[in-house]
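Peer 1:
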Amino acid sequence: MILSTKYEEYMEEMDFGGSDLKAREEMAYRLLSTLPRARLAGIQRRIAPLLQFDLVGSLPPELALQIFAHLPATALLTCARVCTRWRALADDPGLWKRLCAARGWYWRRAWPALNSLEWDSDGRLKPRGGLWGGGEDEGMGEEEGMLQEEEEEGDEEMHMEEVEDSGFASMGVDVETGSTAPWLSMAALFDPTPSTSPLGKRHSAPSILPSLSTTSTTYSLQSPLTPRSPLYLAYPPKANYKLLYQTHIRLAHRIRASSFRPSFLQARSIPSPTSPIFSPIPVPHANGHTNTIYCLQLYTYPTTGVQVLFTGSKDRTIREWDLGPMGRESAGVKRVLGGVHESSVLSVCVGDGPSQARGSASSAYVVSGGSDRRVVVWELSMDGEAERERLVGVLSDHEDSVLCVRFDSERLVTCSKDRTVRTYAFPSLEPQFVLGAHRAAVNAVSLSGNLIVSGSGDRSVRLWDARTGGLVRCFEEHHSRGIASIDFSPPLLVSGSSDKHLRVFDATTGQGWTTVPDVHAAGPAVCHACGATPGAAGDVDMAEACVHTDLVRSVALGEEFVVSGSYDLTIKVWERTTGRLVTDLVGGHTGRIFCIAFDGTKIVSCGEDQRICVWDFSHGIDTSFIRL
């Protein structure tokens, strides 16, 4: 005790503030060296925080965010686990908004206004006025060799015959629980409550199952707030870009795991007993197509956020399908465009009208091409409670079936069995160029900015300058047989062919991948036309087992995946960068698949069996805030 008192007096006499650092360090060391090892361990734990310095946390938020802005999403998630300060920085909306924008992911900001709702006689809020709510030409042209054979037979009137052929005549054809956004628990006011007993429990994603009930949906004051309720739609939550990013990643994982919920919008017959994945047993829609469905496209109205599906058929009509958004339980035909085409509708394209730039009423343009050689342009609009459609014009410049149509805000592009590609100013429809370099039917076109891509039965893919009509580049012998389908998102281009294979390549460098087994076996040496390289080296037998076994009729190029639909009744999903097959969808169709659409949350397909199949990867996940 006396020793302790003397030590304290000694320490008080020491002027530590005036001592130099070296002397203080030496004294601390001597004191520590007198302690037993167990005590030293305790001191080490106590001084550990003094040895650590949070440089990022000590910076002003603006500088810290500049550092975090260089990190990928996975690193931000790791940083959020360090401490409270780092979590606040890592969750900054600006960081996640930038990451989403880099991948083309945007928060949906189009919501119905309160004037689109009304109160019923029971004091409940509901949507106003139903606002929510012989051988045929099958869209393919002959291959180059087959066309010459037909010409030798002297069939000079093939262009004017009303009996339509099958196009590629040279080919033989055998016939989880959902994630919930943090802001969903902010209030509890409204929830969709059907006015009759529901037929089944519904998940949080938009309903894609047909319903036998035609009753409208009303909203109870005692119900909780949901992303589909009117008040939520009138006063949407603040954009949560971290949630948006995580939802997209979760959807990608679903696709890679083949986790989907199948359903029908329309089906003429019940599924095959060998492929019972689609349930319940589908029934024909009361107002559905009455014949083969050749084409389709998903479209979201910008001012309302309502997603719909447009389809074109052998029955000469175009139909607009409600996929069941905004709380509706039913999905069905909401509009029929007919009376103009005199034969099959082979291609349809839907896009925003000029009115969107002015923020006026909801409108869109629909362009269709048919085996009657016609290109028909419609304008669709929403004027208050009334849906209106106006016939803008009919073009009959092609000399044979119009196989594909595409347009943007400046131009319309069409292609035909007459071997030409034609361009028009849009929406004035003034003729611009006739591109006639192909030697066989032009089966598909794609438009992106000032570039047009065309694929033909002459086995070539051609790249055109839309401003001048000049040929920029030609990829001859791109496939061993005719090109059946293409999609273009610069600089990547994907093509499907009657040789049963796909090619995905960079149009500027020529690098990419292909499903041709011989190419996989040969290593890096690939297509002499485009220089495409295989995405995943490996066994040739395995490669052959993964590829399509018939003509690849439709392709779609997504952000992470490439989707292909084939006459072999299957839909395949491939990794965009490597070419690895990740999902093989079978059992939905009993006839050849003619067209597919992909929006990152679902795949929609149609074919000669008159079915419209929906392969929903977003089941149980709220996707109401994703811009599709």
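UniProt numbering numbers the first residue of the sequence shown as 1 and each following residue consecutively.
Here a beta-carbon is modelled for each residue, glycine too, at the ideal position from N, C-alpha and C.
Keep in mind that this is a model prediction, so the values were computed, not measured.
#1: Give, in chain order, every unbroken run of the alpha helix (DSSP H) that is at least 4 residues long and sits entirely within the UniProt domain "F-box" (53 to 99).
#2: What is the DSSP secondary structure of residue 242, counted as helix, strand or coil?
#3: Less than 7 Å between the beta carbons of residue 586 and residue 496, yes or no?
#4: Does residue 179 come out as helix, strand or coil in the three-state DSSP assignment?
#5: By how many angstroms is the C-alpha of residue 250 removed from the C-alpha of residue 177?
#6: Output the distance between the C-alpha atoms of residue 321 and residue 248, rounded to the nearest integer angstrom.
#7: For residue 616, count neighbouring Cβ atoms within 10 angstroms of its own Cβ and tell me buried if that reaches 16, exposed if not.
#8: Can you tell me where the beta strand (DSSP E) with residue 262 in it begins and where it stops?
#9: When we look at the beta-carbon of residue 570 and count the other beta-carbons within 10 Å, is it buried (16 or more) or exposed?
#10: Going by Cα to Cα distance, which pick from 370, 424, 426, 381 is closest to residue 399?
#11: Where does residue 35 fall in DSSP's three states?
#12: For my contact list, residue 445 and residue 413 are in at a C-beta cut-off of 8 Å; report their separation, rounded to the angstrom.
#13: Alpha carbon to alpha carbon, what distance is there between residue 394 and residue 165?
#14: Here's the rule I'm using: 16 or more other beta-carbon atoms within 10 Å means buried, otherwise exposed. How should residue 344 be labelled?
#15: Starting from the C-beta of residue 530, find all residues in its chain whose C-beta is less than 6 Å away, skip the five residues before and the five after it, and write them out in chain order.
#16: What does the alpha-carbon distance come out to for the pair residue 387 and residue 57?
#17: Measuring alpha carbon to alpha carbon, tell me which residue in 628, 621, 581, 568 is nearest residue 597.
#18: Helix, strand or coil for residue 389 per DSSP?
#19: For residue 83, count neighbouring Cβ atoms within 10 angstroms of its own Cβ and tell me buried if that reaches 16, exposed if not.
#20: Quick check: what's the CA-CA separation for residue 104 versus residue 600?
#21: Among residues of its own chain, excluding the 5 on either side of residue 202, which ones have a beta-carbon nearer than 6 Å to its beta-carbon?
#22: Could you spell out where the beta strand (DSSP E) holding residue 322 opens and where it closes?
#23: Along the beta strand (DSSP E) that carries residue 310, what are the first and last residues, could you check?
#24: What separation, rounded to the nearest whole angstrom, lies between the Cα atoms of residue 537 and residue 564?
#25: Tell me which residues share the same chain as residue 295 and place their Cβ nearer than 6 Å to its Cβ, disregarding the 5 neighbours each side in the sequence.
#26: Apart from the five residues on each side of it in sequence, which residues of its chain come closer than 6 Å, Cβ to Cβ, to residue 376?
#27: Who pairs with residue 435 in a beta bridge, going by DSSP?
#28: DSSP state of residue 403, grouped into three classes?
#29: Closest to residue 61 by C-alpha separation, out of 241, 45, 37, 86, would be which residue?
#30: Specify the secondary structure class of residue 621 as computed by DSSP and reduced to three states.
#31: May I ask which residues mark the beginning and end of the beta strand (DSSP E) holding residue 569?
#32: Do the CB positions of residue 79 and residue 90 come within less than 7 Å of each other?
#33: Could you compute how far the alpha carbon of residue 142 sits from the alpha carbon of residue 238?
#34: Taking only three categories from DSSP, how would you classify residue 41?
#35: Determine the DSSP secondary structure at residue 209, reduced to helix, strand or coil.
#36: Which residue's Cα is closest to the Cα of residue 291: 267, 454, 418?
Peer 2: With the structure as the only source:
#1: Considered as a whole, the UniProt domain "F-box" (53 to 99) harbours 55 to 58, 61 to 68, 73 to 79, 84 to 90 as its complete alpha helix (DSSP H) runs of no fewer than 4 residues, in chain order.
#2: Position 242 of the sequence shown, counted from the first residue, corresponds to residue 242. Note: residue 242 maps to helix in three-state DSSP.
#3: Here residue 586 refers to the residue found at position 586 of the sequence shown. Here residue 496 refers to the residue found at position 496 of the sequence shown. Between residue 586 and residue 496, the CB-CB gap reaches or exceeds 7 Å.
#4: Along the sequence shown, read from residue 1 onward, the residue named residue 179 stands at position 179. A caution first: residue 179 carries a pLDDT of 35, below 50, which makes its placement in the model too unreliable to give a value.
#5: Taking the first residue of the sequence shown as 1, we reach residue 177 at position 177. Taking the first residue of the sequence shown as 1, we reach residue 250 at position 250. Only weak support exists for where residue 177 lies, its pLDDT of 34 falling under 50; the value from the coordinates is given anyway. Distance from the CA of residue 177 to the CA of residue 250, rounded to the nearest whole angstrom, comes to 12 Å.
#6: Locating residue 321 in the sequence shown gives position 321, counting from the first residue. Locating residue 248 in the sequence shown gives position 248, counting from the first residue. Distance between the alpha carbons of residue 321 and residue 248: 25 Å.
#7: Mapped onto the sequence shown, residue 616 falls at position 616. Residue 616 comes out buried.
#8: Against the sequence shown, residue 262 aligns to sequence position 262. Unbroken beta strand (DSSP E) run through residue 262: 261 to 266.
#9: Looking up residue 570 in the sequence shown gives position 570. Buried, by the Cβ-count rule.
#10: Within the sequence shown, residue 399 is the residue found at index 399, counting from 1. Measuring from the Cα of residue 399, the nearest candidate turns out to be 370.
#11: As a working mapping, residue 35 is identified with position 35 in the sequence shown. Under the three-state reduction of DSSP output, residue 35 falls in the coil class, being neither helix nor strand.
#12: Your numbering for residue 445 matches position 445 in the sequence shown. Your numbering for residue 413 matches position 413 in the sequence shown. Under the criterion of beta carbons closer than 8 Å, residue 445 and residue 413 qualify as touching, at roughly 5 Å.
#13: Taking the first residue of the sequence shown as 1, we reach residue 165 at position 165. Taking the first residue of the sequence shown as 1, we reach residue 394 at position 394. Unreliable positioning characterises residue 165 in this predicted model, as indicated by a pLDDT of 40, which lies under 50. The coordinate reading is nonetheless provided below. For residue 165 and residue 394, the gap between their C-alpha atoms comes out near 23 Å.
#14: As a first step, residue 344 is located in the sequence shown; it is residue number 344 there, counting from the start. Residue 344 should be labelled buried.
#15: As a working note, residue 530 is residue 530 in the sequence shown. Note that residue 530 has pLDDT 44, beneath the 50 cutoff, so the model's placement of it is unreliable and the number below is only indicative. Cβ within range, chain order: 475, 505, 510.
#16: For the purposes of this step, residue 387 is identified with residue 387 of the sequence shown, where counting begins at 1. For the purposes of this step, residue 57 is identified with residue 57 of the sequence shown, where counting begins at 1. So the alpha carbons of these two residues sit roughly 56 Å apart.
#17: Taking the sequence shown and counting its residues from 1, the one referred to as residue 597 is at position 597. Of 628, 621, 581, 568, the residue nearest in Cα terms is 628.
#18: To locate residue 389, count along the sequence shown from 1; it is residue 389. Strand, per DSSP.
#19: Locating residue 83 in the sequence shown gives position 83, counting from the first residue. Taking a 10 Å sphere around the C-beta of residue 83, we find fewer than 16 other C-beta atoms and assign the residue as exposed.
#20: Taking the first residue of the sequence shown as 1, we reach residue 104 at position 104. Taking the first residue of the sequence shown as 1, we reach residue 600 at position 600. The C-alpha of residue 600 is placed about 11 Å away from the C-alpha of residue 104.
#21: For the purposes of this step, residue 202 is taken as the residue at position 202 of the sequence shown. Because residue 202 carries a pLDDT of 30, less than 50, the predicted location of this residue cannot be relied on, and the following value inherits that uncertainty. In the same chain as residue 202, and ignoring 5 residues on each side of it, no C-beta atom comes closer than 6 Å to its own.
#22: Position 322 of the sequence shown holds residue 322. From DSSP, the beta strand (DSSP E) with residue 322 extends over 318 to 322.
#23: For this step, residue 310 is matched to residue 310 along the sequence shown. Note, residue 310: beta strand (DSSP E), 307 to 313.
#24: Locating residue 537 in the sequence shown gives position 537, where the first residue counts as 1. Locating residue 564 in the sequence shown gives position 564, where the first residue counts as 1. A caution first: residue 537 carries a pLDDT of 43, below 50, which makes its placement in the model unreliable, though a value can still be read off. When rounded, the separation of the alpha-carbon atoms in residue 537 and residue 564 is 20 Å.
#25: Your numbering for residue 295 matches position 295 in the sequence shown. Excluding positions up to five away in sequence, the list reads 312, 347, 348, 595.
#26: For the purposes of this step, residue 376 is taken as the residue at position 376 of the sequence shown. Excluding sequence neighbours, residue 376 sits near 340, 368, 394.
#27: On the sequence shown, residue 435 is found 435 positions in, with the first residue counted as 1. Residue 435 is bridged by DSSP to 421.
#28: On the sequence shown, position 403 is the one that residue 403 refers to. DSSP places residue 403 in strand when its eight states are reduced to three.
#29: On the sequence shown, position 61 is the one that residue 61 refers to. 86 is the residue among 241, 45, 37, 86 whose C-alpha sits nearest the C-alpha of residue 61.
#30: Here the question's residue 621 lines up with position 621 in the sequence shown. Reduced to three states, the DSSP call for residue 621 is coil.
#31: The sequence position of residue 569 within the sequence shown is 569, counting from 1. Here residue 569 belongs to no beta strand (DSSP E), and DSSP marks it neither H nor E.
#32: On the sequence shown, residue 79 is found 79 positions in, with the first residue counted as 1. On the sequence shown, residue 90 is found 90 positions in, with the first residue counted as 1. The Cβ-Cβ distance between residue 79 and residue 90 falls below 7 Å.
#33: The residue you call residue 142 lines up with position 142 of the sequence shown. The residue you call residue 238 lines up with position 238 of the sequence shown. Roughly 53 Å between the two C-alpha positions.
#34: Here residue 41 corresponds to residue number 41 of the sequence shown, with the count starting at 1. Here residue 41 sits in helix by DSSP.
#35: Here residue 209 is taken as the residue at index 209 of the sequence shown, counted from 1. Reliability of the predicted coordinates at residue 209 is poor, the pLDDT of 33 falling under 50, and no value is obtained from them.
#36: Residue numbering aside, residue 291 sits at position 291 when the sequence shown is read from its first letter. Taking only the C-alpha atoms, the option nearest residue 291 is 267.
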